[in-house]
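Below is one structure, written out as C-alpha cells, with a few remarks after it.
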Amino acid sequence: MPLGRLRRRLPAPPIPPSPVPCRAAHSAVRRIVVAAAGAAVDPSTVVRFSDQLAWELDPDMRRELEARADELAPWLQGPFLLGGDLVIGGSWRTDGRWLALGREVADDLRGRRVLDVGSNAGYDAFMFRKRGADHVLACEPAGFHYQALFLESIYRSGVDFQQIGWQDLDPDEHGRFDLIHCNGVLYHEPHPVALLQTIKRMLADDGEVFFGSMMLADPEVSEYIRFVPSAYYGDPTWWMVPGRLAMRWMLEAAGLGVEHEFGTHDGPPGEFRVVNGYVRCTPREERLPEWRP
Ligand SMILES: C[S@@+](CC[C@H](N)C(=O)[O-])C[C@H]1O[C@@H](n2cnc3c(N)ncnc32)[C@H](O)[C@@H]1O
Numbered sequence: 037m038p039l040g041r042l043r044r045r046l047p048a049p050p051i052p053p054s055p056v057p058c059r060a061a062h063s064a065v066r067r068i069v070v071a072a073a074g075a076a077v078d079p080s081t082v083v084r085f086s087d088q089l090a091w092e093l094d095p096d097m098r099r100e101l102e103a104r105a106d107e108l109a110p111w112l113q114g115p116f117l118l119g120g121d122l123v124i125g126g127s128w129r130t131d132g133r134w135l136a137l138g139r140e141v142a143d144d145l146r147g148r149r150v151l152d153v154g155s156n157a158g159y160d161a162f163m164f165r166k167r168g169a170d171h172v173l174a175c176e177p178a179g180f181h182y183q184a185l186f187l188e189s190i191y192r193s194g195v196d197f198q199q200i201g202w203q204d205l206d207p208d209e210h211g212r213f214d215l216i217h218c219n220g221v222l223y224h225e226p227h228p229v230a231l232l233q234t235i236k237r238m239l240a241d242d243g244e245v246f247f248g249s250m251m252l253a254d255p256e257v258s259e260y261i262r263f264v265p266s267a268y269y270g271d272p273t274w275w276m277v278p279g280r281l282a283m284r285w286m287l288e289a290a291g292l293g294v295e296h297e298f299g300t301h302d303g304p305p306g307e308f309r310v311v312n313g314y315v316r317c318t319p320r321e322e323r324l325p326e327w328r329p
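With my numbering, the residue at position 108 of the sequence shown is 144, and numbering never jumps.
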C-alpha cells in the first residue's frame, strides 16, 4: 500500500497519558518494543488478527509503523503482528496465556456478545473477534486504549474500543454480555466487590465469565485476603491479594458461581508468593442483605 494511503488510514493518536496504572508498564519502558524477524518473536508464529495484513511491508511503511509503535510505548501485551515481519513484542507473552484460555473459550463465538474489562492494548478483544463474536466491547480507561486504537486502525476488526473504566459500564447503555473476560484487574482495585457486582450486572442470565487474578500462593492462607498497604515489589498499584478460596467466596458473594479453575502458574516475585490463574464462572443467586429492597 502506498505510504500516502497509510497516512490517511492512521490518524496520529494522542500520546497515552502516563504514568499508567501497572507496575509492569514502568519496567517495560526500557525494553525494545518493536521486534523484527530474527529477534525475540518469530513473526510466523504470531496470530494474524486480520486477513488483510500485508505479507510484506515497503520500507517507508515499515518505518512509519515502527515510529508509531515506538511513540505509543511502553507495550505490555503482545506480540502484535503489524504486517510483513514487523512485530510489537510487548513485555508480556499474552499469546502464552491463551494456550490455557484458548482451550476454555468456545472456538466459535458467533452470535455472542463479549465484554473485556481492562482490555489494555486489546489482545484478548482481538482474539474474541477472531473467534467470531458478533460484538466485542473492550473497556480500558488508561492510555493503553491508544495502543488498541492504533492496532485497530491496522486490523479493522470491528472491536468497540472505549476508554472507560468498569465503573462506567451500564447494562442499560451497553447491553448485557454472553461472555465477560476480566484478567489482572482485581488486585489493582480498591473496590473489588463493586467490580465483581458490576460484572454480574453486565452478564446475561445464561452467560459465562472468565475471571483471572493474582492470588496468594500459600494454601494455609487460602481463605484470607492480604492487603498491600504500600506496594508489592515496588508496585504501588496493588491494593490487596485474595487467597484462592477468598476469591471464590468473593465471586460467589457477588452472584458468580465458580465452575472450575485453570491456567494457574507462578506470579511475579515479591514480598509474598503469588500465583496467577483463572476461574470460569456462571451466574448464581446473589445473596442480598434482608434489609435491602
Ligand atoms: C494487569 S493489567 C491486565 C490487562 C489485560 N486484562 C490482560 O490480561 O492482559 C490491568 C489493566 O486494567 C486496567 N484498569 C485499571 N483500572 C481499571 C478500571 N477502573 N476499569 C477497567 N480497567 C482498568 C489497566 O489500565 C490495565 O490495562
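All C-beta atoms in this analysis are idealised placements derived from N, C-alpha and C, irrespective of residue type, glycine included.
Everything numeric in this text was worked out from a predicted model, so none of it was measured.
Ligand 1 heavy atom lying under 7 Å from the CB of residue i
{"i": "Q199", "result": "no"}
{"i": "S155", "result": "yes"}
{"i": "A178", "result": "yes"}
{"i": "G220", "result": "yes"}
{"i": "W111", "result": "no"}
{"i": "Q203", "result": "yes"}
{"i": "H301", "result": "no"}
{"i": "T130", "result": "yes"}
{"i": "H227", "result": "no"}
{"i": "H224", "result": "yes"}
{"i": "C175", "result": "yes"}
8 Å Cβ cutoff met for residue i and residue j
{"i": "V277", "j": "W202", "result": "no"}
{"i": "M251", "j": "R212", "result": "no"}
{"i": "V150", "j": "H224", "result": "no"}
{"i": "L232", "j": "M286", "result": "yes"}
{"i": "G291", "j": "R320", "result": "yes"}
{"i": "G220", "j": "G248", "result": "yes"}
{"i": "W128", "j": "G114", "result": "yes"}
{"i": "L118", "j": "L215", "result": "no"}
{"i": "E92", "j": "G120", "result": "yes"}
{"i": "G125", "j": "V83", "result": "no"}
{"i": "E107", "j": "R316", "result": "no"}
{"i": "K236", "j": "E100", "result": "no"}
{"i": "A282", "j": "E256", "result": "no"}
{"i": "R104", "j": "F197", "result": "no"}
{"i": "E176", "j": "A184", "result": "yes"}
{"i": "G313", "j": "Y268", "result": "no"}
{"i": "R167", "j": "D143", "result": "yes"}
Beta-carbon contacts of residue i that lie in its chain and below 7 Å, excluding the five residues immediately before and after
{"i": "T318", "result": "E244, G293 and E295"}
{"i": "P226", "result": "W275"}
{"i": "A253", "result": "R309, V310 and V311"}
{"i": "S193", "result": "F85, S86, F162 and R165"}
{"i": "D302", "result": "V311"}
{"i": "Q88", "result": "R192"}
{"i": "E326", "result": "none"}
Own chain residues within Cβ distance below 6 Å of residue i, not counting five before or after
{"i": "A161", "result": "D152, S155, V172, A174 and V195"}
{"i": "F180", "result": "N156 and A157"}
{"i": "D208", "result": "none"}
{"i": "I261", "result": "M276, P278 and A282"}
Same chain, Cβ closer than 8 Å to residue i, five either side skipped, listed in chain order
{"i": "H210", "result": "L151, L173 and M238"}
Please give me, in chain order, every unbroken run of the alpha helix (DSSP H) with length at least 4 that falls completely inside the segment 260-318. 280-289
Let me know the beta strand (DSSP E) ranges lying completely inside the segment 154-231, each 3 residues or longer, listed in chain order. DSSP runs (the beta strand (DSSP E)) wholly in the segment 154-231: 171-175, 196-198 and 213-219.
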